[in-house]
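*Asks:* Chains as they are written, first to last, in this note's numbering: chain H, 8 to 120; chain L, 6 to 117. The beta carbon of each residue, even a glycine, is placed where N, CA and C say it ideally should be. These numbers were taken from a predicted model, which means no experiment stands behind them. Let me give you the structure first, and then I'll get to my questions.
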Amino acid sequence: ETGVTQSPTHLIKTRGQQVTLRCSSQSGHNTVSWYQQALGQGPQFIFQYYREEENGRGNFPPRFSGLQFPNYSSELNVNALELDDSALYLCASKQAAQNTEAFFGQGTRLTVV
Amino acid sequence: DQQVKQNSPSLSVQEGRISILNCDYTNSMFDYFLWYKKYPAEGPTFLISISSIKDKNEDGRFTVFLNKSAKHLSLHIVPSQPGDSAVYFCAAQRDSWGKLQFGAGTQVVVTP
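See the structure below:
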């Protein structure tokens, strides 16, 4: 059984560019969430997908968008990158059942210059 | 609006002693609470959880206590080991669909 994997692990982008981050869910998990973790803070919820539909969103602007594919893998897209978007982006997957824990990938460290 | 708070940014404890990490929350709708551990350059790893219908859950060296009236939970690690040195995050959730709300984390250092 493979865990949650994210790619790439590190990325440097220029302000104004667009970026796509990828996540493969743990086997058997149908729900994926994305989080942004700034330095010295806890992860902040961006959005969640269940069976290819977004079913929850945090306080992030529309330039943060996502997709979930039939195999439950997922993408996070960020347009018009800003310097403050520099952070660790974490993907988590889980089964959509009550009181189940989410399993996280190792994250993608995004630096916007 | 920080609904989950970990007011101690760091904790230093001697190997073999007890580590106590604290977490407070403000939203009474939270019904599931989790602790995650994070090493540098890795994603958070699930440690232990507790449902709001319980006041204690134990798993080996880790015990989580929940005081709903005080909106407070704590994680006890006993005995502490050097491998426990990491950042610990408290997280809360409203239901199985809900987003996880994280605290800012507590850096634990276990000294020999």
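(1) Going along chain L, which residues have a C-beta under 7 Å from Ser31 (chain H)?
(2) Give the DSSP-derived three-state secondary structure of Asp89 (chain L) in the structure shown.
(3) For Ala87 (chain H) and Lys61 (chain L), what's the separation of their Cα atoms in angstroms?
(4) Hey, does Glu20 (chain L) have any beta-carbon neighbour from chain H nearer than 8 Å?
(5) Should Leu90 (chain H) go down as buried or exposed, given a rule of 16 or more other Cβ atoms within 10 Å for buried?
(6) Determine, using beta carbons only, whether Tyr30 (chain L) comes closer than 8 Å to chain H.
(7) Under a CB-based cut-off of 8 Å, is Phe71 (chain H) close to chain L?
(8) Exposed or buried, Lys43 (chain L), counting other C-beta atoms within 10 Å across all chains shown (16 or more means buried)?
(9) Measure the beta-carbon distance from Trp4 (chain L) to Leu80 (chain L) and round it to whole angstroms, keeping in mind my assumption that it falls under 8 Å.
(10) Scan the stretch 53 to 85 of chain L for residues whose Cβ lies nearer than 7 Å to a Cβ of chain H and list them as they occur along the chain.
(11) Excluding five sequence neighbours on each side, which residues of the same chain lie with their C-beta closer than 7 Å to the C-beta of Asn37 (chain H)?
(12) Under 8 Å: do the stretch 17 to 35 of chain H and the stretch 56 to 73 of chain L share three or more Cβ pairs, one atom per stretch?
(13) Nearest to Val11 (chain H) by alpha carbon, out of H:Phe111, H:Val119 and H:Thr118?
(14) For the beta strand (DSSP E) containing Val18 (chain L), name the first residue and the last one.
(15) Mind checking whether Asn62 (chain H) and Gln55 (chain H) have CB atoms under 8 Å apart?
(16) When burial is assigned at 16 or more other CB atoms within 10 Å of the CB, is Glu47 (chain L) buried or exposed?
*Replies:* Based on what the coordinates show:
(1) Neighbours of Ser31 (chain H) in chain L, taken as residues whose beta carbon is under 7 Å from its own, are absent, since the nearest beta carbon is some 13 Å off.
(2) Looking at Asp89 (chain L) - three-state DSSP - the assignment turns out to be helix.
(3) Going from the Cα of Ala87 (chain H) to the Cα of Lys61 (chain L) covers about 46 Å.
(4) Residue-level contact by beta carbon fails for Glu20 (chain L) and chain H, as no gap is shorter than 8 Å.
(5) The residue is exposed, with fewer than 16 neighbouring Cβ atoms inside 10 Å.
(6) It does not; no Cβ of chain H falls within 8 Å.
(7) When Cβ-Cβ separations below 8 Å define contact, Phe71 (chain H) makes no contact with chain L.
(8) That one is buried.
(9) This structure cannot speak to residue 4 (chain L), because chain L is shown only from 6 to 117.
(10) Within the stretch 53 to 85 of chain L, contact with chain H at the beta-carbon level (separation under 7 Å) is assigned to Ser54 and Ser56.
(11) Result list for Asn37 (chain H): Tyr57, Arg58, Tyr79, Gln102 and Ala103, in chain order.
(12) They do not touch, by the three-pair rule.
(13) Considering only alpha carbons, the answer is H:Phe111.
(14) For Val18 (chain L), the enclosing beta strand (DSSP E) begins and ends at Ser15 to Gln19.
(15) Less than 8 Å separates the beta-carbon of Asn62 (chain H) from that of Gln55 (chain H).
(16) The residue in question, Glu47 (chain L), is exposed, as its Cβ has fewer than 16 Cβ neighbours within 10 Å.
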